[in-house]
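Residue numbers (the numbering used here): 129 to 241.
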């Protein structure tokens with residue numbers, strides 16, 4: 129579980145990260161990363177639209193992403209803000225593949241900021 133300080137919580141922050149951040153894509157997600165102050169914590173946010181599925185499916189995908197990103201917190205640079213926009217099909221992605229894809233995409237996006 130991600131602590132509140134490690135989550136993107138405001139709509140304005142989501143908009144800023146998506147509009148100004150660097151983008152990295154996978155088959156099932158688009159990852160946006162934006163640098164912030166070095167003394168700020170690393171933050172993750174998730175966008176899971178209704179195209180992914182019903183509420184139960186969307187929440188399952190969100191919980192899986194929270195687990196993956198919690199493991200990535202130590203490797204991400206301080207102050208980085210990352211938003212993961214889920215594409216339809218992620219709900220059928222196996223756990224190991226999901227971990228590898230998201231870790232790779234986050235690493236690529238963060239490296240370019």
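Just so it is clear, CB atoms sit at the ideal spot from N, CA and C, and this is done for glycine as well.
Inset, instruction - State yes or no: is the C-beta of residue 234 within less than 8 Å of the C-beta of residue 200? - result: Going by C-beta atoms, residue 234 is nearer than 8 Å to residue 200.
Inset, instruction - Could you tell me the boundaries of the beta strand (DSSP E) in which residue 162 lies? - result: Unbroken beta strand (DSSP E) run through residue 162: 157-162.
Inset, instruction - May I ask you to report which of helix, strand or coil DSSP gives residue 101? - result: The question about residue 101 has no answer, for the chain in this structure spans 129 to 241.
Inset, instruction - Below 6 Å CB to CB, which residues in the same chain sit around residue 160 once its five sequence neighbours on both sides are set aside? - result: The beta carbon of residue 160 lies closer than 6 Å to those of 145, 146, 149, 151, 211 in the same chain, with the five residues before and after it left out.
Inset, instruction - Measure the C-alpha to C-alpha separation of residue 138 and residue 222 and round it to an integer number of angstroms. - result: Distance between the alpha carbons of residue 138 and residue 222: 30 Å.
Inset, instruction - Could you pull the start and end residues of the alpha helix (DSSP H) that residue 236 belongs to? - result: Residues 223-239.
Inset, instruction - Check whether the Cβ atoms of residue 232 and residue 162 lie closer than 8 Å to each other. - result: It is not a contact, given that the beta carbons lie outside the stated cut-off.
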